[in-house]
Each structure stands twice: as structure tokens, then as C-alpha cells.
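In this text, residue positions in the sequence shown follow the numbering used here: the first is 513, and each later residue adds one. Below: one structure, written as C-alpha cells.
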Amino acid sequence: MVEQVVAYTFVDGRDKWKWEGDGDTKLSVKDLRGLMLNQSNIGNSLPFKWINRIPLKLNCFAWRWFQNRIPTSLNLIKRGMAISSSLCPFCQIKEEGVDHIFFSCPSVALILLRWLMDWSSLFTRLPNNHQDLMEKLESANGSKYMQKLRLSLSYTTLWMIRKTQNAIVFRNVRRTTILIADDISMDTFNWIKRRSKCNFIV
Ligand SMILES: [Zn+2]
513 MVEQVVAYTF VDGRDKWKWE GDGDTKLSVK DLRGLMLNQS NIGNSLPFKW INRIPLKLNC
573 FAWRWFQNRI PTSLNLIKRG MAISSSLCPF CQIKEEGVDH IFFSCPSVAL ILLRWLMDWS
633 SLFTRLPNNH QDLMEKLESA NGSKYMQKLR LSLSYTTLWM IRKTQNAIVF RNVRRTTILI
693 ADDISMDTFN WIKRRSKCNF IV
């Protein structure tokens, strides 16, 4: 990167942002989505799925989660950052890694995953990691609409876990898993109703 900066020839004029995703200079969600989908398939047995019916921020978050790029304490320590505590803010017992926060923390993850699996009619053991979750969702029976609904609910659940975690760390606000599950249901159904024009969702 330093070499690129040194080699760059600066010209007069105002600084500006430039998008080079597809050759022209205009950023579009479609280009961004294509770029992210191409990258996400490297090293994963299942492709990342983009869900139009939920907000862009959730798809971006889910994509980062899919790539193991969530800045948990363990990931930040690996990158050399000084962190005051690497413990999970929910249980304060195990270290805050991606698999613990989203799949094995007894205080939040296990409860919400059980709720998610039951809602999705997937009465199997709980998933251990992101590939396991995606495989379970992929193999579930049901219409395409139901599959997208399950995936939407899964992305929202992961995003809500992260949001709740940040509320503890940065604002010292704790919420019960019942309230979190209520928010996941409400947000998901509101987004889908608004974006998919489904008249049968009331
Ligand atoms: Zn924990």
C-alpha cells in the first residue's frame, strides 16, 4: 500500500471518492452486491445469499460474518490491538470469538438459536458454526419464499446479537432474550412486508 501511495502521481484539484467496481465511476448496490458475492464464495462450501427483502446494512453485516470478519475481541487481538478484556460481554466466562458469540454462548446465542431453529421447524441439534447453520437452512424443506424468510430471520438474529453485544459494551444496556426475539420477529416481518408487497403478512 505504501508503495502504491509513493508511486501515485497527484494532480491539482479537489479530492473525491471514485468507485472502480465495474469500470465506470458510479457506485450502485447491484455492483457492490456482485463484488461481495464473488468474494464470499472463496473458501466456503456454500455461497453467500443476498436477501433483497432486508436492509442493505444487514446483508453487509451477514456478509462480513460469513467471511469471519466481525471485529470480536479475539479477532482484534489477532491483529495486534490492545483490548482491556477478551471475555464475552454476555456470559463473562469464555473468550469473545465469532463461534462463541453467535453459536455457543449460553447467555444469548444458544437461546436465540433454539428459538430460530424451532421457528424454522428445524428440530435438529443446534448449529456449531456458520457453515453448519447455512447447511441446515439450505437443506430445510419448504417453498422458496419460506427459505428466504428463514434466511432473513437468521441474518436478523445474528445482527441483533451483535447489536445487543455493542449495547452492553458501549452503553452498559442489557436486554432479555425474550425482548431480543420480539425485536427480531418485528423487524424481519416489517422489512419483508414493506419490501415484498406481501398482502398476506399482517
Ligand atoms: Zn458468552
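Heads up, the beta-carbon is just placed ideally off N, CA and C, and yes, glycines get one too. For clarity, every value in this text was computed on a predicted model and none was experimentally measured.
Under the three-state DSSP convention, the category residue i falls into
| i | result |
| --- | --- |
| E608 | coil |
| L638 | coil |
| L599 | strand |
| M698 | helix |
| A652 | coil |
| F682 | helix |
| S540 | coil |
| L663 | helix |
| W627 | helix |
| L558 | coil |
| V523 | coil |
| A594 | coil |
| N564 | coil |
| R581 | coil |
| K528 | coil |
| C617 | coil |
| T688 | coil |
| W703 | helix |
| S501 | With the chain represented from 513 up to 714, any question about residue 501 goes unanswered, as that position is not in the structure. |
Environment of residue i [buried if 16+ CB atoms lie within 10 Å]
| i | result |
| --- | --- |
| P618 | exposed |
| Y520 | exposed |
| I692 | buried |
| N571 | buried |
| V620 | buried |
| Q677 | buried |
| G525 | exposed |
| I613 | buried |
| M593 | exposed |
| V518 | exposed |
| P583 | exposed |
| W529 | exposed |
| P559 | exposed |
Chain-order list of residues whose beta-carbon lies under 8 Å from that of residue i (same chain, five-residue window excluded)
| i | result |
| --- | --- |
| I589 | I595 and S598 |
| R687 | T676 and A679 |
Own chain residues within Cβ distance below 6 Å of residue i, not counting five before or after
| i | result |
| --- | --- |
| E607 | L586 and S598 |
| I704 | R565 |
Cβ shell of residue i (< 7 Å), same chain only, five flanking positions each side left out
| i | result |
| --- | --- |
| A695 | In the sequence as displayed, the identity of residue 695 is Asp instead of Ala. If we look at D695 and ignore the five residues flanking it on each side, its Cβ neighbours are M672. |
| G609 | T584 and L586 |
TODO: Spell out a yes or no on whether the segment 677-690 and the segment 601-615 are touching, meaning 3 or more CB-CB pairs, one atom from each, closer than 8 Å.
DONE: yes
Open item on the list: Between the segment 631-644 and the segment 652-665, can you find at least three pairs of beta-carbon atoms closer than 8 Å?
Closed with: yes
Open item on the list: Closer than 8 Å is the cut-off here; do at least three beta carbon pairs connect the segment 694-705 with the segment 558-570?
Closed with: yes
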